[in-house]
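Student: This is the structure I want to talk about, given as structure tokens.
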Ligand SMILES: Nc1ncnc2c1ncn2[C@@H]1O[C@H](COP(=O)(O)OP(=O)(O)OP(=O)(O)O)[C@@H](O)[C@H]1O
Ligand SMILES: [Mg+2]
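Residue numbers (full-length UniProt numbering), protein chains in the order written: chain A, 1 to 288; chain B, 1 to 234.
In structure tokens:
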């Protein structure tokens, strides 16, 4: 029973972190129609930035967290302005560029921090919550709460601000958005910054829990693509629902069997959903 | 006043608009009629800055605008109701309307215009919290027009507003266009349905394969033998 409760909470934490990553990926796909292969590396940069500013400079976890968001947002905006903007009518070129960015960021991290770094980030709230026989490190609860807060804030921004409407408008109909005087370039840049910051926030939140390495983005991006396909490409609600389903499934299978089986089972889950519903859980068959 | 001076537009090598010169006065409804593929939408898309002309000028209120961005053109006071409506399917009716005022900073005036449009289109007002993709075709057309009006334009470009509408809705659309014009806005209408367009318009031009074949007063054009045979079908 205690084990079950802990596994449920661990699933919730995995879901929270995955949802942050995947929503960012879905957002940028919606606005720019680009699958950003470097998204996992933005997660990695978020973790390193947290260590660098929070731990190494001794400013504390939350300063590191803020720095992670800032650094990844700026990086995202720069990627859009310097690279993707020129490739707006060349989706294949854009895809290859994101793979290039992936390699550059990985190599850069390995260069600066070493391949086998053993960097440790202290959780902002240390210790373990012990309640009626089950034990849960506080930071896992912090991750869940922070992800819920961030995703709620994002939803409010997208639903109630002019920027949010403009972003959704660009995702739904670029020409029509253009005709309202919305600058596609500015919205693409902001969306890319926002998307990168979501990955950065996830990397920062997970930094005290996972091993920080230049390659930590790899499993994350693979999971993210599986979840995106599961949820239905282009659907943000679908992405969140799929993140919860997949992460819970994955956590349970890895706990009761092992991680390798969980990886295979996760892919089988995705295939099973695609067989029943080819457009994904919430994807509209041909929606862009 | 909107004026096209020797305007040519290409898609790749293919020419879509071929040396078109036209001029329409301010404050009136005017139209360009033409059949499928004549280049009507291309002309409107070029005026809005979505497509760049290969040569020629577009002059609006005395200033050339052919090199401006779509955003700058909206700022100059031109709004565009595109062919096929193109409302934002997963924005609510209210969000669709408010995004029409994207570039306007005068919140009070925007609110006033929003209320006015809700008053003029009660069917939109009733559905303001619904996604636009739940509206009927006619309602979507009203929404696309309302969205354009939210930009407070002096010139409204309308690309086949009667397309796909029932005869009753087409008549309603005519009333809507008249009332937009009565507010002091110029309208440039593009239509295959020459009958409706000519009856609403002051001046008219006929576009055939990218070229102007006839231009003049709409009232006279209705009696033109060629126009009647080709575009009215009587
Ligand atoms: N994006 C495009 N790329 C290439 N050719 C195009 C494009 N858009 C239009 N054309 C071509 O340009 C010509 C004019 O098209 P346009 O859409 O302006 O015609 P139209 O008068 O609006 O026709 P309709 O009444 O069917 O809407 C056509 O031959 C069309 O095939
Ligand atoms: Mg057309």
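Think of the CB as a built atom: it goes at the ideal place given N, C-alpha and C, for glycine as much as any other residue.
Keep in mind that this is a model prediction, so the values were computed, not measured.
So with Cβ pairs under 9 Å, would you call residue 181 of chain A a contact of chain B?
Tutor: To locate residue 181 of chain A, count along the first chain from 1; it is residue 181. Answer yes: the Cβ-Cβ gap between residue 181 of chain A and chain B drops below 9 Å somewhere.
Student: How far does the alpha helix (DSSP H) with residue 216 of chain B in it extend, from its first residue to its last?
Tutor: Position 216 of the second chain, counted from the start, is the residue given in the question as residue 216 of chain B. Taken as a continuous stretch (DSSP letters only), residue 216 of chain B belongs to no alpha helix (DSSP H), being part of the beta strand (DSSP E) at 211 to 217.
Student: Assign residue 113 of chain B to one of three DSSP states: helix, strand, or coil.
Tutor: The count along the second chain starts at 1 and reaches residue 113 of chain B at position 113. Looking at residue 113 of chain B - three-state DSSP - the assignment turns out to be helix.
Student: State yes or no: is the beta carbon of residue 178 of chain A nearer than 9 Å to at least one beta carbon in chain B?
Tutor: As a working note, residue 178 of chain A is residue 178 in the first chain. The beta carbon of residue 178 of chain A sits closer than 9 Å to some beta carbon of chain B.
Student: Tell me whether residue 175 of chain A, by its Cβ, gets closer than 8 Å to a heavy atom of ligand 2.
Tutor: In the first chain, the residue the question calls residue 175 of chain A occupies position 175. Because no heavy atom of ligand 2 lies under 8 Å away, the Cβ of residue 175 of chain A does not count as near it: no.
Student: From the DSSP output, read off the bridge partner residues of residue 186 of chain B.
Tutor: Position 186 of the second chain, counting from 1, holds the residue named residue 186 of chain B. DSSP, once it has assigned bridges, lists B:155 as partnering residue 186 of chain B.
Student: Scan the region 48 to 78 of chain B and note each continuous beta strand (DSSP E) run of 3 residues or more that stays entirely inside, going in chain order.
Tutor: 55 to 60
Student: Residues in the same chain with beta-carbon distance under 6 Å from residue 159 of chain B, minus the five sequence neighbours each way, listed in chain order, please.
Tutor: Reading the second chain from its first residue, position 159 is the one you call residue 159 of chain B. Excluding sequence neighbours, residue 159 of chain B sits near 41, 44, 82, 83 and 190.
Student: Using DSSP bridges, identify the partner residues of residue 10 of chain B.
Tutor: Against the second chain, residue 10 of chain B aligns to sequence position 10. Answer is B:15.
Student: State yes or no: is the beta carbon of residue 286 of chain A nearer than 9 Å to at least one beta carbon in chain B?
Tutor: Residue mapping note: residue 286 of chain A aligns to position 286 of the first chain, counting from 1. A caution first: residue 286 of chain A carries a pLDDT of 47, below 50, which makes its placement in the model unreliable, though a value can still be read off. No, residue 286 of chain A lies away from the interface with chain B (no Cβ there is under 9 Å from its Cβ).
Student: Looking at chain A, which residues of the region 88 to 100 of chain B have a Cβ within less than 8 Å of any of its Cβ atoms?
Tutor: 88, 89, 90, 91, 95, 98, 99 and 100
Student: Ignore the nearest five residues each way along the sequence and tell me which others in residue 215 of chain B's own chain have a CB closer than 8 Å to its CB.
Tutor: Your numbering for residue 215 of chain B matches position 215 in the second chain. Closer than 8 Å at the Cβ level, and outside the excluded window around residue 215 of chain B, lie 22, 203, 204, 205 and 206.
Student: Where does residue 137 of chain A sit, in a helix, a strand or coil, going by DSSP?
Tutor: Mapped onto the first chain, residue 137 of chain A falls at position 137. Here DSSP, grouped into helix, strand and coil, assigns residue 137 of chain A to strand.
Student: Between B:150, B:176 and B:56, which lies nearest to residue 102 of chain B when the distance is taken from Cα to Cα?
Tutor: Counted from its first residue, the second chain places residue 102 of chain B at position 102. Checked all of B:150, B:176 and B:56; the closest Cα to residue 102 of chain B is B:150.
Student: When burial is assigned at 16 or more other CB atoms within 10 Å of the CB, is residue 159 of chain A buried or exposed?
Tutor: Counted from its first residue, the first chain places residue 159 of chain A at position 159. So residue 159 of chain A ends up on the exposed side.
Student: Between the Cα of residue 152 of chain B and those of B:225, B:109, B:128 and B:118, spot the shortest distance and give me the residue it belongs to.
Tutor: As a position in the second chain, residue 152 of chain B is number 152, starting the count at 1. If we check each option's Cα against that of residue 152 of chain B, B:109 comes out closest.
Student: Under the criterion of a Cβ to heavy atom distance below 8 Å, does residue 35 of chain B qualify as lining ligand 2?
Tutor: As a working mapping, residue 35 of chain B is identified with position 35 in the second chain. For ligand 2, not one heavy atom lies less than 8 Å from the Cβ of residue 35 of chain B.
Student: Would you mind stating whether residue 26 of chain A and residue 236 of chain A have Cβ atoms separated by less than 9 Å?
Tutor: Position 26 of the first chain, counted from the start, is the residue given in the question as residue 26 of chain A. Position 236 of the first chain, counted from the start, is the residue given in the question as residue 236 of chain A. Yes.
Student: Do residue 242 of chain A and residue 282 of chain A have their CB atoms nearer than 9 Å?
Tutor: Residue mapping note: residue 242 of chain A aligns to position 242 of the first chain, counting from 1. Residue mapping note: residue 282 of chain A aligns to position 282 of the first chain, counting from 1. Contact: yes.
Student: Whose C-alpha, out of B:1, B:9 and B:5, is nearest the C-alpha of residue 210 of chain B?
Tutor: In the second chain, counting from the first residue as 1, residue 210 of chain B sits at position 210. Among B:1, B:9 and B:5, the Cα nearest to that of residue 210 of chain B is on B:9.
Student: Should residue 42 of chain B be counted as a contact of ligand 1 given a C-beta to heavy atom distance under 8 Å?
Tutor: Translated into the one-based positions of the second chain, residue 42 of chain B becomes position 42. Relative to ligand 1, the nearest heavy atom lies less than 8 Å away from the CB of residue 42 of chain B.
Student: Please list, in chain order, the residues of the region 57 to 83 of chain B that have any C-beta partner in chain A closer than 7 Å.
Tutor: 70, 71, 74, 75, 80 and 82
Student: What residues in the region 163 to 178 of chain A have a beta carbon less than 7 Å from any beta carbon of chain B?
Tutor: 165, 166, 168, 169, 172, 173, 175, 176 and 178
Student: Just the C-alpha distance for residue 202 of chain A and residue 147 of chain A, rounded to the nearest angstrom, thanks.
Tutor: One-based indexing of the first chain puts residue 202 of chain A at position 202. One-based indexing of the first chain puts residue 147 of chain A at position 147. Between residue 202 of chain A and residue 147 of chain A, the C-alpha separation is close to 8 Å.
Student: To which residues of the same chain is residue 220 of chain A closer than 7 Å at the C-beta, ignoring the five residues directly before and after it?
Tutor: As a first step, residue 220 of chain A is located in the first chain; it is residue number 220 there, counting from the start. Counting only Cβ-Cβ distances below 7 Å, and skipping sequence neighbours, we find 21, 40 and 43.
Student: Beta carbons nearer than 9 Å to chain A: which residues of the region 43 to 56 of chain B have them?
Tutor: 45, 48, 49 and 50
Student: I'd like to know whether the C-beta atoms of residue 178 of chain A and residue 6 of chain A end up nearer to each other than 9 Å.
Tutor: Position 178 of the first chain, counted from the start, is the residue given in the question as residue 178 of chain A. Position 6 of the first chain, counted from the start, is the residue given in the question as residue 6 of chain A. No; because the gap between Cβ atoms is not below 9 Å, this pair is not in contact.
Student: Go to residue 34 of chain A, then tell me how far its beta strand (DSSP E) extends in each direction, as first and last residue.
Tutor: Within the first chain, numbered from 1, the residue matching residue 34 of chain A stands at position 34. Residue 34 of chain A -> no beta strand (DSSP E), and no H or E assigned at all.
Student: Is the closest heavy atom of ligand 1 to the C-beta of residue 227 of chain A under 8 Å?
Tutor: Working through the first chain from its first residue, we reach residue 227 of chain A at position 227. Residue 227 of chain A Cβ: outside cutoff for every heavy atom of ligand 1.
Student: Would residue 260 of chain A and residue 14 of chain A be called neighbours here (beta carbons separated by less than 9 Å)?
Tutor: Within the first chain, residue 260 of chain A is the residue found at index 260, counting from 1. Within the first chain, residue 14 of chain A is the residue found at index 14, counting from 1. Contact flag unset, no.
Student: At the level of alpha carbons, what is the spacing between residue 89 of chain B and residue 154 of chain B?
Tutor: Working through the second chain from its first residue, we reach residue 89 of chain B at position 89. Working through the second chain from its first residue, we reach residue 154 of chain B at position 154. A straight-line Cα-Cα distance of about 26 Å links residue 89 of chain B and residue 154 of chain B.
Student: Does residue 9 of chain B have its Cβ less than 9 Å from a Cβ in chain A?
Tutor: The sequence position of residue 9 of chain B within the second chain is 9, counting from 1. No, residue 9 of chain B lies away from the interface with chain A (no Cβ there is under 9 Å from its Cβ).
Student: Can you tell me where the alpha helix (DSSP H) with residue 30 of chain B in it begins and where it stops?
Tutor: What you label residue 30 of chain B is simply residue 30 of the second chain in a count that begins at 1. Taken as a continuous stretch (DSSP letters only), residue 30 of chain B belongs to no alpha helix (DSSP H), being part of the beta strand (DSSP E) at 29 to 33.
Student: Along chain A, in chain order, which residues have C-beta atoms closer than 9 Å to that of residue 103 of chain B?
Tutor: Indexing the second chain from 1 puts residue 103 of chain B at position 103. By Cβ distance, chain A contributes 180, 181 and 182.
Student: Say yes only if the C-beta of residue 192 of chain B is nearer than 8 Å to one or more non-hydrogen atoms of ligand 1, and no if none qualify.
Tutor: Reading the second chain from its first residue, position 192 is the one you call residue 192 of chain B. True, at least one ligand heavy atom lies under 8 Å from that Cβ.
Student: How would you write the range of the alpha helix (DSSP H) that residue 220 of chain A sits in, first residue to last?
Tutor: Along the first chain, one-based indexing puts residue 220 of chain A at 220. Residues 217 to 231.
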